[in-house]
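Numbering (the numbering used here), first residue to last: 2 to 259. Heads up, the thing below is written out as structure tokens.
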């Protein structure tokens, strides 16, 4: 049985508009910018989901269950398991999502009491690059497992999965963005996730037996800087006056001469 983490009564803000969430069959996922105090808009492009992150901003991954049973969410950032720090595999540790419940994945777990905050940063400064694993920078993954039905009531547990307690940052208060001077080269560099400041984030072990070896659903959200997403065609290119062009249903005023 692999370890998992369970959040206890994590309080999340009210649900954001649909364009700010990835709605899967079992879970709704949002990326929350702590520094700005807002959910990042979700862009769809060629079958992929994207969010635009600002360098220096801290962020969290918020999950809301759409099911009436517990789920295990094995979560990775930049191809790295957010609990163990290992190169990510769906067989590794995850967080337990309560029935109809919600949770916040707020950083790289350092212990049962502490995480290092997720921070958008240039690829060379990312945690993945610093640990020699830069190939999968720019992607958030969540592999979901359903729980095996218990043949009889459980009277205890062995080992098990650390269970997340309510975080002191559960009110979503944003930290100020890091002050920095952005050169053109830095703006053009791919975005990654750094190993930010540490914060209290309690956890405890809990039991969870997977109902299958393979996940029942995998959610993938990619991210990069706004500039690079414009270059990729993910975000519409702004007009010269700075405002995006909106299609008009009746662009002409009168019938022209033939």
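Just so it is clear, CB atoms sit at the ideal spot from N, CA and C, and this is done for glycine as well. Remember, predicted model here, so these are calculated numbers, not experimental data.
Under 8 Å between C-beta atoms of residue i and residue j
i           : j           : result
residue 108 : residue 197 : yes
residue 63  : residue 87  : no
residue 85  : residue 194 : no
residue 39  : residue 60  : no
residue 236 : residue 50  : no
residue 111 : residue 199 : yes
residue 41  : residue 22  : no
residue 191 : residue 231 : no
residue 93  : residue 78  : no
residue 132 : residue 56  : no
residue 71  : residue 209 : yes
residue 73  : residue 211 : yes
residue 144 : residue 216 : yes
residue 218 : residue 25  : yes
residue 213 : residue 116 : no
residue 29  : residue 65  : yes
residue 141 : residue 224 : yes
Alpha helix (DSSP H) segment containing residue i, residue limits
i           : result
residue 1   : What the structure shows of the chain is the stretch from 2 to 259, and residue 1 is not part of that stretch, so it cannot be assessed.
residue 1   : A question about residue 1 goes unanswered here, because the residues of the chain that appear run from 2 up to 259.
residue 232 : 227 to 233
Unbroken beta strand (DSSP E) run spanning residue i, endpoints
i           : result
residue 144 : 140 to 147
residue 105 : 103 to 106
residue 206 : 204 to 207
Reduced DSSP secondary structure (H/G/I, E/B, other) of residue i
i           : result
residue 58  : coil
residue 83  : coil
residue 98  : strand
residue 27  : coil
residue 116 : strand
residue 214 : coil
residue 249 : coil
residue 239 : coil
residue 21  : helix
residue 152 : coil
residue 177 : Here the model assigns residue 177 a pLDDT of 27, short of 50, so the residue's position is not dependable and the matter cannot be decided.
Strand pairing of residue i, partner residues [DSSP]
i           : result
residue 193 : 122
residue 78  : 81, 141
residue 73  : 97, 146
residue 64  : 30, 104
residue 199 : 117
residue 223 : 51, 140
residue 110 : 116
residue 88  : 81
residue 39  : 34
Residue i at chain C interface by Cβ criterion, 8 Å
i          : result
residue 84 : The displayed structure is made up of one protein chain only, and chain C is not part of it.
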